[in-house]
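The sequence shown begins at 3 in our numbering and counts up one residue at a time.
Virtual Cβ for every residue (Gly too), placed ideally from N, Cα, C.
Let me begin by presenting the structure, written as structure tokens, before commenting on it.
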Amino acid sequence: MMRVTRGFGLRFSPSGRVRPRPVFVLAALLLVASAGYLVVRRDGALPGPGSTAYRDTVSAFYVGLAALDIGVLDDAETAFLRAGELIPEEPATWANLGVLHLRRGELDDAARYLEQAHFLAPSSSEIAVLLGILDSLEGRLDASVTHLRRAVELDPRNARALYMLAQEVERAGDGDSDAEAQALLDVILTLDPDNLAVLVERARLSVKRENVEVLRDAIARLGTFRDTWPELATQQYQALERAAAETDFPLAARSVAFLRNVLLSVPEFRADLLAVASASEALGEPVEQFLTLVPPRAAPSPRDAGLEFSAQPIDADRSGPWTTLLAAVLNPPMSPTVFLGDDQTVEVTGTAAATLSFPSGPDAVPPSAYAILAIDWDYDFRMDLVLAGGGGLRLFRQTDDGSFADVTLEAVDAPVTDMDCFGVWAADIDMDGDLDVVVGLRHLPNVVLRNNGDGTFLVVRPFPNVTGVRGFVWADLDLDGDPDAGLLDGEGRVHVFRNEQGGAFRPWPTPTELGTVAGITVGDLNADGVLDLLALEAGGTVQRLSATGDQQAWDLQPVTTWATLPAEAPAGSYRLFLADLDNNGGLDLVGSGPTGTQVWLSDAGGRLRPHATPDLETFTVADLSSDGLLDLVGLADGRPVAMIGQSPRAYHWQVIRARATQAAGDQRINSFGVGGEIEIRTGLLVQKQLLTGAPVHFGLGTRTRIDVARIVWPNGVMQAEFDLAADQEIVATQRLKGSCPWVFAYDGTGMHFVTDFLWRSPLGLRINAQDTAGITQTEDWVKIRADQLTPKDGLYDIRITGELWETHFIDHLALMTVDHPADLDVFVDERFAAHAPSAMAIHAMQRPHPVARAWDDLGHDVTDIVRARDGRYLGTFGRGAYQGITRDHFVELDLGDAAPDEAPLWLLAQGWVYPTDSSINLAIAQGTQTQPRGVALEVRDATGDWVVVYPDLGFPAGKNKTMVIDISGLFHAGQARRLRLRTNLEVYWDWLAYGVGVERGAIVTRRLAPATAELRYRGFSRTSQAGPHAPEVPHYDTIANTTQRWRDLTGYHTRFGDVRPLLAQVDDRYVIMNAGDELQVLFPAPAPPPEGWTRDFVLLGDGWVKDGDYNTAFSKTVRPLPSHEAQTYERPAGRVDLDNDPAYRLHPDDWQTYHTRFVTPQEFLAGSRPRRATTRDD
């Protein structure tokens, strides 16, 4: 049978064929060349470790693998082709190119690569599985089963192959297929007896076969786990028990199906399922190790036992004695500056006039190790200072000339500045983009200075009842995507608070076995991708606290002992640092306090080995000498000294400075990404570190490049940088994205972007510091022009894609045809107005007239920019401090004398808005910043004064939207037709015109129901921007990414396939779409309009959009479910289980039939780590 390229929703040309790619010719040549190269080198040895070809192949292969894992397919393809060019005999390269083309939906290309890989490695079980997937997608069921049988023969312990074979055998439907499928599941259970997913599948098959004995055995084995299940799962389990006892197989079939669906919310079940099956969005698992070449090491390089530290004095105006020290980069990319403190002053070394008064109070209390904080609180990308002592707080702002100005009195209320303070730490507590200051009071509960974004701070108390704070950490400890807080109190107790977002925190008790603690820090010590809390107990044991698999409890493990630590070490008197001192690729540990410093080095197996006891008290670990090795910076007998690291092994290193976009209008995260994470991957070695505002230092061992650096910014957005050379500093600059589902339509040449959709009903959107938006406007109408939609085979093809950090609830879809004489035009009012919603109506009018003249508020003539819909946008107002909000600005319009006085008259304003989001709305509401205002319409009256007619018309609801504004009766005979559109939002006008209304009877409308509606996975479109004032536009025919791009909202989404019944009417039965999904809706095309008429369209929809912004209400989860009965978006009172959700209770059967795909952000949070199938025993 000939292979044909089939749809996975990816990369199609207008004809439905795969779009040709420039790299295809190179790929074909490489495949041909590889065969000849095999002949030439058949008798010779393959390049080995140490050779240039091997080293370059390793680099290219793992850059490609990292890009493939993250889903950046173009970069992956380029890298794999390079690896194939270097050493074409390596089958893993061609196999991974096959996986790449499987994910694009380019099955012919996938076949060529996989067949080449199979030719080179006929005994590879992994490649046999990929060939089975390919055959299954092409409908070659027998061939798929043959390949999967071969995969199992080659590796009888390949649980994924066994599970896939069971599915395909059952699908074949032969006489004994169900029995064989069940036997294959039994084989998996011999390998992994407690796999919940396989046990449930075994129960399902036994019901299908009406095998009571096997069913009861499966039920008994499942029953041993039910104590930890949610109540709804327990109810379904009990129903399954009753059905088995009564041999009621129809009831058993429903119960086991619902049981599986409910168990998808249980982490243990999902982990077991991933051990045997890929996610429904993924096609094929890449081959992560070489199959022919010698695989590179996945572990760090050996520790450098020869690492030494040499003392180097730090110049200061006076020799001391000093009692505290901080080394911090004040103005990147400068080297660190050293701050020295005692009970009187803080000296900034190397800076003129650099002595600041320290607030030690009347008792002259010496400063603690946390008394000096470098923090950019005013978003100017220069570090400011906060000093904390017995006499209170002092805030110093760094000025343009590098000096520091005391701004305490204007920034903070006086009572706070006089409190007895132990230390200060930086964190964006409410995640609004402005760094806040956590203040540890010596004898009182802590406080937080919440940054208002205008140079002032407000005292808040998010961590109540924690007294005498002596230490603080800010990191994602529960692996849910947002930073949590860890505090050490004055009694040596550790308190952890889960981040519930929006500035709210929930206590997370730490193990009672943890002793009195002298110091804490945080980092991924064991390189498993989970940030650990490290606690130095007063007895000298260093404990690692790691979240358990379900993120509900703690795993407490001792990692090393500091034998000489005093048994009664006070809380906060000692410090821990995690850093790669010898650059071997593993995190080392430094402990320090009044009695000195202890250094442990991490070996190739991740074990900490005592190494050195430098003669100083360490306060900072930083590369003071700029030589790529970290140094210990501290005090020896009160004198500042740097212990300069010296390494005979000379391992490689990389320093990455994370930096927000330094441009007006982009203030969505703090300047240097504090609270975010960065993870690098070199080959199979992965390291994760926190973004703290300081440069992030990674050791690479013998590796010479980073395959990928993956940054998750504090607002949850991920970006990746590929193929970075070692032994240098790089700056990773934040990139920003937008919002809302996108509509594409087939126009006769292909699928092209029309506009975005469902702007009017954001769930949980914060509109200020206290309130969320209502959800009364769930209906949305958008116009599709005649040239944007053309029937194909009698059907109109419209596709709605979810590509941003959102979940979409689409309750209803319909298409309205609007036939009208060619000399008329029709519009719908596509604006969002919270207080005066626009009517869902069609406005018919004569052909619109462009405005006669237009000026911006600076007096510039902008007529040429706004007279035509040509993709040129008016943006002379500039940007403000926050995305979406700028200065007050207007565009003044002269309609011309031809505009009538009395006829129905409409102003047409087409453009787009750069939106704010929940976090920005929260940030601007906290200070004295100007609040956002919608578009106002002003008219010039007979006296020449400007009068406000409409104070708030809202704004265009997204991209390429038209506001239809009634201006009938605003002008009198002889009066100039002059208008102004005024706002302080980033509204970019493309076209401004007016139209004279006609009777509605001049048009003919027809409402069409979907002929088909299919939900499927597609991935993420490449986007581009035509200019600085133009919107970002997606390109349907180019897929940029196919893996989880966002920290998806956790919960049940609609399974892939037919969803037409859910869209039939407005009834709270909706399609729940995730990011990366595509909803293709085909509408029957009626007979064309009569000659001289034309047909435009209106897409009618009803539903909601919920984004993942940290300050959107309930933004971690799909639930609470929206309903037309609710005017606000709040969690239902009482219990919050699914079965108590009011929307669920209306249509519970939909959660058995449609909403059976449980989505978590697990893949996103796993980062760039290799995806390896594991069993419980691994």
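Looking at D486, G442, G1078, R384, the one whose alpha-carbon comes closest to that of D432 is D486.
Taking a contact to require three or more Cβ pairs closer than 8 Å, the region 1087 to 1104 and the region 1020 to 1031 do not qualify as touching.
In this structure, the CA atom of A854 is about 28 Å from the CA atom of I1005.
Under a 10 Å Cβ-count criterion, D872 is classified as exposed, with fewer than 16 other Cβ atoms of the shown protein chains found around its own Cβ.
Here the alpha carbons of L516 and F82 stand approximately 48 Å from one another.
For R1009, there is no enclosing alpha helix (DSSP H); the residue is found in the beta strand (DSSP E) stretching over 1006 to 1010.
In the three-state reduction of the DSSP assignment, G134 falls in the helix class, which pools H, G and I.
Looking at Q554, D1070, T778, E502, the one whose alpha-carbon comes closest to that of F465 is E502.
If you draw a 10 Å sphere on the C-beta of Q691, you find 16 or more other C-beta atoms in it, and that means buried. By the neighbour-count definition (other C-beta atoms within 10 Å, threshold 16), D480 is a buried residue. N98: member of the alpha helix (DSSP H) spanning 93 to 106, first to last residue. Within a 10 Å sphere around the beta-carbon of D992 sit 16 or more other beta-carbons, which makes this residue buried.
Distance check between I708 and each of T694, L1148, F724, G595 places F724 closest, using alpha-carbon atoms only. With fewer than 16 other Cβ atoms from the protein chains shown falling within 10 Å of its own Cβ, F383 counts as exposed. When the alpha-carbon of E287 is set against those of V101, P158, T563, D378, the nearest one is in V101.
By the criterion of at least three beta-carbon pairs nearer than 8 Å, the region 546 to 564 is in contact with the region 518 to 536. The C-beta distance from V468 to P447 rounds to 6 Å, short enough to meet the 8 Å contact threshold. A residue is called buried once 16 or more other Cβ atoms fall within 10 Å of its Cβ, and V949, having fewer, is exposed. Taking a cut-off of 8 Å on C-beta distances, the region 392 to 411 touches the region 348 to 365, as three or more cross pairs fall below it. For D180, the secondary structure class from DSSP, reduced to helix, strand or coil, is helix. Under the three-state reduction of DSSP, A284 is assigned to coil, being neither helix nor strand.
Checking the DSSP bridge columns, you'll see C423 partnered with L443. Cβ-Cβ distances below 6 Å link R262 to V202 in the same chain, with the five nearest sequence neighbours on each side left out; the list follows chain order. DSSP lists K794, P1086 as the beta-bridge partner residues of L797. When DSSP reads this structure, G703 sits in a beta bridge with H654. Rounded to whole angstroms, the separation of the alpha carbons of I374 and F621 is 11 Å. Of the residues assessed, V296 falls on the exposed side of the cut-off, its CB having fewer than 16 other CB atoms within 10 angstroms.
DSSP places E681 in no alpha helix (DSSP H) but in the uninterrupted beta strand (DSSP E) bounded by 679 to 684. Judged by DSSP in its simplified three-state form, G880 adopts coil rather than helix or strand. Leaving aside the five residues that flank D1143 on each side, the residues in its chain whose CB is nearer than 8 Å to its CB run, in chain order, R1121, P1122, L1123, P1134. The beta-carbon distance between T751 and V784, rounded to whole angstroms, is 21 Å. This is too long to meet the 8 Å contact definition. Here H1055 is bridged, per DSSP, to R1159.
At the C-beta level, P850 and Y996 come within 8 Å of one another. By the 16-neighbour rule on beta-carbons within 10 angstroms, H445 is exposed. In the three-state reduction of the DSSP assignment, S370 falls in the coil class, being assigned neither a helical nor a strand state. Contact between the region 84 to 104 and the region 47 to 56 is present, with at least three C-beta pairs closer than 8 Å.
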